Amino acid sequence: MNESQLLLTIVAAIGLGTPLIFATIGEIITERSGILNLGVQGMMLIGAVTGFWATFQTGNLILGVVIAMVCASALSAVHAFTSVTLRVNQIVSGLALALFGSGLASFLGRAGSNPLVGNPSRAQFEPLLEGGIADWPVVGPLIFGHDLLVYLSWIVAGAASYYLFRTKMGLSLRAVGEDPASAEAAGVHVSRVRYIHVLIGGALAGLGGAYFSLALTPTWQDDPIGAAGWIAIALVILASWRPWRAVFAAYLFGAAERVQFTLQTLGEPWSDIPSTILAMLPFLLAIIAMIVLTSGKRARFLGAPEALGIPYHREQR
Amino acid sequence: MTRRFIVEPRGLASLKLRILVPVLSVLAALVVSGIFLLITGENPIAVYGQMIDAAFGSRRGISETLISSTPLILTGVAAALAFKMLVWNIGGEGQFIMGAIFASGVAIWLGPSAPAALALPAVILAGGLGGAVWASVAALPRVYLGTNEIITTLMLNFIALNFMNFLIFGSSSPWRDPEVATFPSGRPVPDNARLPEFFNRLDVGIFIAIALAIGAWYLVGKTRWGFAVRVVGDSPTTAEYAGITVPKKILAVFLLSGAFAGLAGALFVSGPVGALDPRSLDLGLGFTGIIVAALAGLNLIAVIPVAVLMGALNNAGPSLQSIGVPAATVTMLQGAILIFAVAGEFFIRHRIRRPEAEPEADAIGEAATA
Chain R
4 MNESQLLLTI VAAIGLGTPL IFATIGEIIT ERSGILNLGV QGMMLIGAVT
54 GFWATFQTGN LILGVVIAMV CASALSAVHA FTSVTLRVNQ IVSGLALALF
104 GSGLASFLGR AGSNPLVGNP SRAQFEPLLE GGIADWPVVG PLIFGHDLLV
154 YLSWIVAGAA SYYLFRTKMG LSLRAVGEDP ASAEAAGVHV SRVRYIHVLI
204 GGALAGLGGA YFSLALTPTW QDDPIGAAGW IAIALVILAS WRPWRAVFAA
254 YLFGAAERVQ FTLQTLGEPW SDIPSTILAM LPFLLAIIAM IVLTSGKRAR
304 FLGAPEALGI PYHREQR
Chain A
3 MTRRFIVEPR GLASLKLRIL VPVLSVLAAL VVSGIFLLIT GENPIAVYGQ
53 MIDAAFGSRR GISETLISST PLILTGVAAA LAFKMLVWNI GGEGQFIMGA
103 IFASGVAIWL GPSAPAALAL PAVILAGGLG GAVWASVAAL PRVYLGTNEI
153 ITTLMLNFIA LNFMNFLIFG SSSPWRDPEV ATFPSGRPVP DNARLPEFFN
203 RLDVGIFIAI ALAIGAWYLV GKTRWGFAVR VVGDSPTTAE YAGITVPKKI
253 LAVFLLSGAF AGLAGALFVS GPVGALDPRS LDLGLGFTGI IVAALAGLNL
303 IAVIPVAVLM GALNNAGPSL QSIGVPAATV TMLQGAILIF AVAGEFFIRH
353 RIRRPEAEPE ADAIGEAATA
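Sequence order for the protein chains is R and A.
Residues 4 to 320 in this note's numbering are what the first sequence lists, from first letter to last.
Residues 3 to 372 in this note's numbering are what the second sequence lists, from first letter to last.
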């Protein structure tokens, strides 16, 4: 592999990793409150379809992103209600959200007399800078050649990290995820904190979904995000619930997805490896990471919130 | 402060309630999906009418509905078995596919000359084995290393799917039909390994699936082993005090769950599909099994009628396209059903009542002792 191909792969990995960053950091924020939301795939798809629709109607990209975040957040409210208020099983509720969101997104993309499916987006996120410093060797394409949302993903990572570890609200959030009873005794409103952070997680998942339909593949199709929502759930663990690590984990997975295209360019024997085998790579990587990182007591050591997935009963303290 | 409602845990819910909650879940899901149909300019009544007609309106419709239900009975049992024991096997999809790969592989390896009395049982058992083997990839780390199985089983779904695609689209494996050069497809399962049909395309697989579901119910509900497993599901700590080897039981349930999903794959390739055909197997039947299990309240007998309902929906989906409505209506509806079914769990587990004219402290004390 020569230098320019390596560079192309990294730049592509940044693009493919960006939606994963949003979704993974969203899920990190949700899980830090002690709520496990397996519905990321559904929320991302709702973000993808509603964001595409809004931009398709108005030509306005920013409006598309906002609508995507609002709608995905609204879907996550369903999970907040079942897991915080009704305190039912979070695993099944999250899966329900994933299935409903996928079905609804596919339905909305095909419904009506003028369905979205097959239509290109009226606008799409383009690289902010072209020529000039974006053409500088190496650092140009790595740092300056991206679209607005790539930079936003870096800002989101910095902001989430600051929020979690440097603010009083972040401290309350982590306390709720670790030990809700003590947090409540210290005056934190556990249910409210959980609701808010499930909704934030939903909004970020929606933003990740919109990145697919408004930047990566700006044409509406039935299955626009692949398995990104499921991978994001695995990335949370790989990132050990820390936003900055999510950025690098997401790029690693972006690169794993990109590998099949890179190998095509390398010629034989690399180009002979079937794409179906290479498509397994991200999932294999996730399983190996799971087994190596989270076996036994290591999950706690990594930083898994102690109360993750456990409903909190105030009366039964 | 006096409360307007008191929520308290209830003991065993009545049979009436345990039937009422899933029925209301389905109705609520019909209403929610109906709203989305209305928004997009469709008449929900007409759409639902079309679905009922496609699923039950003709002899052919009924037989196709039962064909769609057969794998769902088994993936439903697979999910219910695991979830009962707090084993979060979300990998029914991959285990289903692996069962189909093993089953069709054995059928092709035995060839057309093997007697059906040998080929059929071998193919079905191979499917169960395939599902169990695939489950073991997540089950062994869970039991011996403590690895969370939710994500490993999820990821294994995608690996299995890509592996099936590799066998058909990415290689000239024995599973691929060498006769068809234009578009890669699965090599047909020889007739001796096909399940006999008796009502249109409906084959005896439905009876095998029902018998296996009843067998699972008997195993868990009526045997000593099943009792030990249920104790583990209720409380692993109690089970340990009672001298039950908890890891062994969890492993067994996990593998059994995988085997059931694999059996579904076997019945599908030796039944209606007749080949390892990715387009006919990648339908989300493993995931739908989770909906079946949840709506059935994890009851292994209730899984059977619920699977027929979900099979009816799956069968009705494609027919909607003829009236210009997306087939994804069915996925949306099934997802909504699962949301309401899981929310309904709350009403099965809790009782809501108005407080009597007594101080709040007493009411809470009462709730705590109830």
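Backbone N, C-alpha and C fix where the C-beta goes; we use that ideal spot for every residue, glycine too.
If you're wondering where the values come from, they're calculated on a predicted model, not measured in any experiment.
Supposed contact pair residue j and residue i - C-beta distance, whole angstroms, cut 8 Å
i      : j      : result
R:L102 : A:F289 : 6 Å
A:M166 : A:P280 : 5 Å
R:A259 : R:L288 : 6 Å
R:P123 : R:P221 : 6 Å
R:G232 : R:A83  : With a Cβ gap of about 17 Å, R:G232 and R:A83 do not count as contacting.
A:A329 : A:Q97  : Actually they do not touch by this definition, with Cβ atoms about 25 Å apart.
R:A322 : R:A75  : Past the boundaries of the shown model lies residue 322 of chain R; chain R is included only from 4 to 320, so the question cannot be answered.
R:A51  : R:G173 : Not confirmed; about 29 Å, so no contact.
A:S65  : A:L204 : 4 Å
A:A141 : A:I126 : In fact, because the Cβ distance is near 21 Å, the residues do not count as touching under 8 Å.
R:I228 : R:L296 : In fact, because the Cβ distance is near 25 Å, the residues do not count as touching under 8 Å.
R:F1   : A:F38  : Given a span of 4 to 320 for chain R in the structure shown, any question on residue 1 of chain R remains unanswerable.
Proximity to residue i [Cα-Cα], best of the options
i      : options                        : result
R:W132 : R:P140, R:I146, R:G121         : A small fix is needed here, since residue 132 of chain R is Leu in this sequence, not Trp. Checked all of R:P140, R:I146, R:G121; the closest Cα to R:L132 is R:I146.
R:L23  : R:M46, R:L10, R:P221, R:S7     : R:M46
R:R248 : R:G67, R:G211, R:A163          : R:A163
R:E34  : R:S79, R:F55, R:I294           : R:S79
R:R317 : R:V87, R:L19, R:G212           : R:V87
R:I234 : R:L10, R:Y198, R:V14, R:G20    : R:G20
A:V255 : A:S138, A:E44, A:I110          : A:S138
R:A137 : R:F286, R:V14, R:S185, R:G212  : R:V14
A:G273 : A:V79, A:N202, A:L335          : A:N202
R:E309 : R:R245, R:A57, R:N63, R:A178   : R:A178
A:S27  : A:R353, A:L302, A:G313, A:V294 : A:V294
R:V250 : R:A230, R:G161, R:V81, R:A108  : R:G161
A:I75  : A:R62, A:G94, A:T333           : A:G94
A:I303 : A:A30, A:L221, A:L340          : A:L221
R:G62  : R:E271, R:L241, R:Q127, R:L269 : R:Q127
A:I153 : R:L98, R:L64, R:V159           : R:L98
Proximity of residue i and residue j at Cβ, strictly below 8 Å
i      : j      : result
A:I210 : A:A81  : no
R:V191 : R:S216 : no
A:V191 : A:V271 : yes
A:G132 : A:I103 : yes
A:A343 : A:L311 : no
R:Q44  : R:S96  : no
R:A282 : A:N164 : yes
R:P277 : A:F58  : no
A:T327 : A:E44  : Before going on, a small fix: residue 327 of chain A reads as Val here, not Thr. Cβ atoms of A:V327 and A:E44: closer than 8 Å.
A:I341 : R:L41  : no
A:R178 : A:G188 : yes
A:V79  : A:A215 : yes
A:K86  : A:G267 : no
A:P114 : A:D193 : yes
Simplified DSSP state of residue i, which is helix, strand or coil
i      : result
A:I8   : strand
A:F38  : helix
A:I366 : Low confidence applies here, because A:I366 scores a pLDDT of 45, under 50, leaving its location unreliable and the question unanswered by this model.
A:G313 : helix
A:G107 : helix
A:G188 : strand
R:F128 : coil
A:E66  : helix
A:A277 : strand
R:E34  : helix
A:T225 : coil
A:P46  : helix
A:E199 : strand
A:I92  : coil
A:L22  : helix
A:H352 : strand
A:D55  : helix
R:L98  : helix
Heavy atom of the ligand HEM within 7 Å of residue i beta-carbon
i      : result
A:A241 : Of the ligands one can find in the structure shown there are none, so the ligand HEM has no counterpart to examine.
> Along the region 79 to 91 of chain A, what residues have a CB closer than 9 Å to any CB found in chain R?
Replying inline: F85, W90
> Which residues, taken in chain order from the region 167 to 180 of chain A, show a beta carbon closer than 8 Å to some beta carbon of chain R?
Replying inline: N167, F168, F171, G172, S173
> Which of the residues in the region 57 to 85 of chain R, read from start to end, lie with their CB under 7 Å from any CB of chain A?
Replying inline: V81, T85
> Between the region 143 to 161 of chain A and chain R, which residues of the former have CB atoms less than 8 Å from a CB of the latter, in chain order?
Replying inline: P143, L147, G148, T149, N150, I152, I153, T154, L156, M157, L158, F160, I161
> Using Cβ-Cβ distances below 8 Å, what residues of the region 287 to 311 of chain A are close to chain D?
Replying inline: The structure shown contains no chain D; its protein chains are R and A.
> Residues in the region 177 to 209 of chain R with C-beta within 8 Å of chain A's C-beta atoms, listed in sequence order?
Replying inline: none
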